[in-house]
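Engineer: To start, I am sharing the structure in question, which I have written as structure tokens.
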Amino acid sequence: MSRLPDLIEFPALKRPARPNNCLIAPEGFAGMVRVDETAPVFDKTPKQVFDVVMDLVLERVEWRLRASDPDTLRISFIAVTPLLKFKDDVYVQAVPVDGEAGRSSVAIYSGSRIGYSDLGTNEKRVKELLELIGTR
Numbered sequence: 000m001s002r003l004p005d006l007i008e009f010p011a012l013k014r015p016a017r018p019n020n021c022l023i024a025p026e027g028f029a030g031m032v033r034v035d036e037t038a039p040v041f042d043k044t045p046k047q048v049f050d051v052v053m054d055l056v057l058e059r060v061e062w063r064l065r066a067s068d069p070d071t072l073r074i075s076f077i078a079v080t081p082l083l084k085f086k087d088d089v090y091v092q093a094v095p096v097d098g099e100a101g102r103s104s105v106a107i108y109s110g111s112r113i114g115y116s117d118l119g120t121n122e123k124r125v126k127e128l129l130e131l132i133g134t135r
């Protein structure tokens, strides 16, 4: 069983070779690690994005807050799959957009603790989270 620390530094993230994880981040934010998609930009401040994600984590029964740091705008939580109760680790960091006050992006990593494939569960979770950030 693989488990990352409570909060991560995205540029230092080491992704497993297995297809049971997903990473979306602003261009260049994750250092040399491969990202699945470039993250969108939101018309929200980084603090607003952080607050939206915190609210979402606290609202969802299947998501359990692990750690949060409002100073670095990072959050981590455990997402429990409904049927088999697998635990996935999710890390989020709100990221300011250079030269654009009031706008921000986000880095999100979601990875399964066990197994080889996740049947797209982590990618779906990341995309759902992005959609929810954009609509709140």
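The sequence shown begins at 0 in numbering that gives the first Met the number 0 and counts up by one.
Where is the CB? At the ideal position from N, CA and C, for every residue including glycine.
Treat the numbers as computed from the prediction; the structure is a model and nothing was measured.
Could you work out which residue in Ala16, Pro10, Leu12, Ile7 is closest to Ser116 when comparing CA atoms only?
Structural biologist: On the sequence shown, position 117 is the one that residue 116 refers to. With distances taken between Cα atoms, Ser116 lies closest to Ala16.
Engineer: Please specify which runs of the beta strand (DSSP E), each continuous and at least 3 residues long, are wholly inside the segment 23-51, giving them in chain order.
Structural biologist: Counting whole runs of 3 or more residues, the segment 23-51 contains no beta strand (DSSP E) stretch at all.
Engineer: Using the DSSP secondary-structure output, state which residues sit across from Asn20 in a beta bridge.
Structural biologist: Counted from its first residue, the sequence shown places residue 20 at position 21. Answer by DSSP bridge pairing, in chain order: Gly110.
Engineer: On the DSSP bridge assignment, give the partners of Lys86 in chain order.
Structural biologist: Counted from its first residue, the sequence shown places residue 86 at position 87. Answer is Val79, bridged to Lys86.
Engineer: Within 10 Å of its beta-carbon, does Val60 have 16 or more other beta-carbons around it, so buried, or fewer, so exposed?
Structural biologist: Translated into the one-based positions of the sequence shown, residue 60 becomes position 61. That one is exposed.
Engineer: Report the rounded CA-to-CA distance for Gly133 versus Pro39, giving the unit in angstroms.
Structural biologist: For the purposes of this step, residue 133 is identified with residue 134 of the sequence shown, where counting begins at 1. For the purposes of this step, residue 39 is identified with residue 40 of the sequence shown, where counting begins at 1. Rounded to whole angstroms, Gly133 to Pro39 spans 9 Å at the Cα level.
Engineer: Assuming Arg65 is part of the beta strand (DSSP E), what are its boundary residues?
Structural biologist: In the sequence shown, residue 65 corresponds to position 66, counting from 1. Unbroken beta strand (DSSP E) run through Arg65: 62-68.
Engineer: Taking the alpha helix (DSSP H) that Arg124 belongs to, which residues open and close that run?
Structural biologist: Numbered from its first residue, the sequence shown carries residue 124 at position 125. 120-134 is the span of the alpha helix (DSSP H), which, as asked, contains Arg124.
Engineer: In this structure, what does DSSP give as the bridge partners for Ser104?
Structural biologist: Position 105 of the sequence shown, counting from 1, holds the residue named residue 104. Paired residue(s): Val94.
Engineer: Look at the Cβ atom of Ala29, then the Cβ atom of Pro4, and state whether they are nearer than 8 Å.
Structural biologist: As a position in the sequence shown, residue 29 is number 30, starting the count at 1. As a position in the sequence shown, residue 4 is number 5, starting the count at 1. Not closer than 8 Å, so no.
Engineer: With a cut-off of 8 Å, do at least 3 Cβ pairs link the segment 76-87 to the segment 47-61?
Structural biologist: Short answer: they touch.
Engineer: Output yes or no for whether 8 Å exceeds the beta carbon distance between Ser103 and Lys43.
Structural biologist: Counting from one through the sequence shown, the residue named residue 103 turns up at place 104. Counting from one through the sequence shown, the residue named residue 43 turns up at place 44. Yes, they are a contact pair.
Engineer: Which residues in the same chain have their Cβ closer than 8 Å to the Cβ of Leu129, if we skip the five residues on either side of it in sequence?
Structural biologist: For this step, residue 129 is matched to residue 130 along the sequence shown. So the qualifying residues of the chain are Ile23, Ala38, Pro39, Val105, Ile107.
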